[in-house]
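Here numbering that gives the first Met the number 0 is used: the first residue of the sequence shown is 0, the next is one more, and so on. Ideal Cβ placement from N, Cα and C applies to all residues, glycine included.
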Amino acid sequence: MRSMDGDQLDIERRSAIRDVDIARLSSGADDACGAVARSPAGSGDNDRLDDRLAALLIGRGHSTHAQVAAAREAGRSLSLPIGQILRARGHLSEAELLSALAQLWHTTIVDLESEPPDPELASRVSPAQAIAAEAIPWRRAGSAIVIATARPDLLATLGAAFPHGTHLVPVLAGRDQIVAAQCTLYGHALAREAEGRAPETTSCRTWRPQAMTRAGLAMAALIVVAGVLFPGPLMLFLMGCAGIVFLCNLALKLLVVAAMLTRPRAPATDPAGARLAVLRPPVVTLLVPLFHEATVATHLVQRLARLHYPPERLDILLCVEAEDDVTARALAATRLPPHMRAITVPEGQPRTKPRALNYCLNYARGDIVGIYDAEDLPEPDQIARVVQRFAEVGPEVACLQGQLDYYNSAHNWIARMFTMEYASWFRVLLPGVQRLGLVVPLGGTTLFLRSDALERLGGWDAHNVTEDAELGLRLARAGYRTEIVETTTFEEANAAIRPWIRQRSRWLKGYLVTWAAAMRQPFALWRDLGTWRFVGVQAQFLAAVLGFLLSPLLWSLGIKAAGFAHPLDRYMPEGWYPPLFAVMLLGAGLTMAVALLGCRAAHLRHHRIYAPLMEVYYILGIAAAWRAVFETLVRPFFWAKTAHGQFGGTHPLADTVRDRQQRPDQSCSASSLRRTTNAMDR
């Protein structure tokens, strides 16, 4: 996975190796230091080094005076040497930069693939030190240590890893080779750390699936026995539970909608910080986990390259699983921009998105860390909006959640309903949850976190299949706040029934697991959140799943409305039915109203005619919820992968989604219905 002209770098490397006899590295420190790495005078003076490098690049014709001047200006508030800034802006290839650095530092370029680092020597340096220095200990040269690095200006940061007085000698290597060598030498240790990074007290990793299965079987047996011995009372009890859960969900939705409509968005609290963010924007790292994404990888790179943010302040990491050869080949065939790089995540279990995020977090250099999915199409000014909002608010706001939408909403009926559901969730319900002061269950993409807060929390729970919602709960427990920021990322709607159910069951399973893990210590949860948010968590996580599981009982009352007898007639007074019907109609009406409210945006208005069908759409959630319960008991850590690029995500018109959605095709209803019918078979 190269982001530069590999052949050119190979030529530079061979040329440099001919000029310096690498064998002399073993013949004594003094000779090695003299032949390999006579550091330029004033190497501690970064400005002076930049001056010499700039003169060298201009003299070679690799950069212009204007490019150098602009890079100098950009570097005044950024701890990057001028060569790295020119490289990030695309004015310089990696081969040209390494060649100039080799001349400046009187050293050579080495090939770490054919001449790999000494594992014993590399073990003297911690993974964190090596990653921070963008370097790896390579060879001994007498009493000196030869360090392979892409950033010789950071060489001194490794001094603490070796005995006092050890002479460190730099040789140069490409950034991708440095990262690959680090993965080989430190990858398994970092992967183990990624698997257990979240605090054990809040993580679900201590669960024993066998014990959960036994408990589930015992519960099922108890219900069966009760059904045989006491069928009427059991059904009355379950109907009562369904009614309580329904009322709980209805009350929460009413409160959330009222808060969204009546409570204003939190104002800016730090105007000076906002102005500083414009003058000195922070570095932003974007983590993009990929697995079997050959179909959309090229489109993803193109879409992320369109983000309007200084490239030297944008650090995009594509997280690729080691066994995922198809995605690796797709990226290898794609020319990555200089500020974008692929990080290989070593094999291990569980193979989940949060594990990959934890691993790649080691390589993040941003003050803000954002998450995208493989099929995402963010608005070009999204990063700038996020940076602006972080600068406006205090440090207690540790997370910003963007809005999600779909660029294939016209694909079929399921896609349309999914689009309306997302509009309801991200444009109405989540803003209301935030304004009520409840826990904000994060979405899996377009969320941005302050890196120091994320590190303090311990990253993600690698075993939780809704790591986003779980992280939202931990943020709240730690005293941080989450805000919804008004910027949109477009995604590909899952527009077939089976994959929709697989995806939704993973989400609901994650909600169950998150709730159960937190409720192992209910008093600690109550203490951390307070009464209001503690009660909210019961409704947001547990009642949300129970609502799907128990809703068939409430819908069975429909036979009574049709004039037929109901099994509960023997146990429930006739006068109870009308209030039940009224409450159920209120719930359906509120769901429709929220959908209409969520579709206020111009490109969503044409979906409003489908709002009465939202309750029909949610029938799919029943199957997903029962599957979620089964998987929670049998395989709680299994990640049901969502395939991307199946429903229009790679179509060229997807990238012009906003223009298309402003002019909806009113004639597509029939074809939409046909696609839904065909989707049943997928």
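Quiz item: If you check the beta carbons only, do P151 and I144 fall under 7 Å apart?
Solution: No Cβ-Cβ contact shorter than 7 Å links P151 with I144.
Quiz item: Expressed to the nearest angstrom, what Euclidean distance is found between the alpha-carbon atoms of V484 and L429?
Solution: Spanning the two alpha carbons is a distance of roughly 11 Å.
Quiz item: For R312, which of P280, E292, L303 has the nearest alpha-carbon?
Solution: Ranking the options by Cα distance to R312, first place goes to P280.
Quiz item: Quick one: what does DSSP say A477 is sitting in, helix, strand or coil?
Solution: Here A477 sits in coil by DSSP.
Exercise. Please report the residue range of the beta strand (DSSP E) in which I315 lies.
Key: Where I315 is concerned, the enclosing beta strand (DSSP E) stretches over 313-320.
Quiz item: Based on Cα-Cα distance, which residue from A542, A172, E192, R86 lies nearest to P353?
Solution: For P353, the nearest C-alpha among the options comes from E192.
Quiz item: If I367 sits next to R449, beta carbons under 8 Å apart, how far is it from one beta carbon to the other, in whole angstroms?
Solution: The pair is a contact, with the Cβ atoms about 6 Å apart (cut-off 8 Å).
Quiz prompt | Candidates W412, A581, E391, R426, of which the one nearest G401 by Cα | solution = Checked all of W412, A581, E391, R426; the closest Cα to G401 is R426.
Quiz item: Hey, how far is the Cα of Y616 from the Cα of L306?
Solution: The straight-line gap separating the alpha-carbon atoms of Y616 and L306 is approximately 35 Å.
Practice problem: Measure from the alpha carbon of G509 to the alpha carbon of each residue in C203, L103, E133, then state which is nearest. | Solution: Measuring C-alpha to C-alpha distances from G509 to each of C203, L103, E133 identifies C203 as the nearest.
Quiz item: Considering only the beta carbon of each residue, do N407 and A414 sit closer than 7 Å?
Solution: Cβ atoms of N407 and A414: closer than 7 Å.
Quiz item: Using the rule of at least 16 other Cβ atoms within 10 Å of the residue's Cβ for burial, across every protein chain shown, is E395 buried or exposed?
Solution: Here E395 is exposed. Its C-beta has fewer than 16 other C-beta atoms within 10 Å.
Quiz prompt | Inside the region 516-549 only - alpha helix (DSSP H) runs reaching at least 4 residues | solution = Within the region 516-549, the complete alpha helix (DSSP H) runs of at least 4 residues are 521-536.
Quiz item: For I618, which three-state DSSP category applies?
Solution: It is coil, neither helix nor strand.
Self-check item: Identity of the residue in D372, N463, A492, P379 nearest A422 by Cα
Solution: Of D372, N463, A492, P379, the residue nearest in Cα terms is A492.
Quiz prompt | Per-residue burial, D46 [other beta carbons within 10 Å of its own, 16 or more giving buried] | solution = A residue is called buried once 16 or more other Cβ atoms fall within 10 Å of its Cβ, and D46, having fewer, is exposed.
Exercise. Determine which residues share a DSSP beta bridge with A143 and list them.
Key: Bridge partners of A143: A140.
Quiz item: Under a Cβ-count criterion, where at least 16 other Cβ atoms within 10 Å of its own Cβ denotes burial, should G41 be classed as buried or exposed?
Solution: In this prediction, G41 scores a pLDDT of 44, lower than 50, which makes its location untrustworthy; the coordinate-derived value is nonetheless stated afterwards. Its Cβ having fewer than 16 others within 10 Å, G41 is exposed.
Quiz item: With contact counted as at least three CB pairs below 8 Å, one residue from each stretch, are the region 503-518 and the region 463-478 in contact?
Solution: Touching, per the Cβ criterion.
Self-check item: Residues near P498 by beta carbon distance below 8 Å, same chain, minus five either side
Solution: So the list reads T641, A642, Q645, R681, once near-sequence residues are dropped.
Quiz prompt | Closest by C-alpha distance to P635, when choosing among L585, L507, P572, Q301 | solution = Closest option to P635, judged by alpha-carbon separation, among L585, L507, P572, Q301: L507.
Self-check item: Identity of the residues DSSP links to I342 by a beta bridge
Solution: Residue pairing of I342 in beta bridges, as defined by DSSP: C318.
Self-check item: Nearest-angstrom beta carbon gap, M416 and L612 [assumed within contact, 8 Å]
Solution: A Cβ-Cβ distance of about 7 Å is found for the pair L612 and M416, placing them in contact under the 8 Å criterion.
Quiz item: With a cut-off of 8 Å, do at least 3 Cβ pairs link the region 98-111 to the region 53-65?
Solution: Counting C-beta pairs closer than 8 Å gives three or more between the region 98-111 and the region 53-65, which meets the contact rule.
Quiz item: How would you call M218, buried or exposed, if buried means at least 16 neighbouring beta carbons within 10 angstroms?
Solution: Within 10 angstroms of the beta-carbon of M218 lie fewer than 16 other beta-carbons, which makes it exposed.
Quiz item: Looking at the structure shown, is D404 part of a helix, part of a strand, or coil, going by DSSP?
Solution: In this structure, D404 counts as strand in the three-state DSSP scheme.
Quiz item: Since L184 contacts P169 with CB under 8 Å, what's their CB separation in whole angstroms?
Solution: Taking 8 Å as the upper bound for CB-CB distance, L184 and P169 are not in contact here, some 18 Å apart.
Quiz prompt | Complete alpha helix (DSSP H) runs within the region 159-202 (minimum length 4 residues, chain order) | solution = If only uninterrupted alpha helix (DSSP H) runs of at least 4 residues are considered, those enclosed by the region 159-202 are 174-194.
Exercise. Measure the Cβ-Cβ separation of L360 and G457 and say whether it is below 7 Å.
Key: Against a cut-off of 7 Å, the Cβ pair of G457 and L360 comes out as no contact.
Quiz item: Can you tell me whether DSSP reads L446 as helix, strand or coil?
Solution: Of the three classes helix, strand and coil, the one that applies to L446 here is strand, per DSSP.
Practice problem: Have a look at the DSSP bridge pairing and note the partners of P377. | Solution: P377 is bridged to T488.
Quiz item: If we call anything under 7 Å between Cβ atoms a contact, is H338 one with I370?
Solution: Remark: C-beta atoms of H338 and I370 do not approach each other more closely than 7 Å.
Practice problem: Would you list the one or two residues that DSSP bridges to A134? | Solution: Beta-bridge annotation (DSSP): A134 is paired with T148.
Self-check item: Residue range of the beta strand (DSSP E) that includes G369
Solution: For G369, the enclosing beta strand (DSSP E) has its first and last residue at 367-370.
Quiz item: Just how far apart, CA to CA, sit V256 and S76?
Solution: Spanning the two alpha carbons is a distance of roughly 43 Å.
Quiz item: Counting pairs of Cβ atoms below 8 Å between the region 473-481 and the region 436-445, do you hit three or more?
Solution: Using a Cβ-Cβ distance cut-off of 8 Å, the region 473-481 and the region 436-445 are in contact, since at least three pairs of beta carbons, one from each stretch, lie closer than that value.
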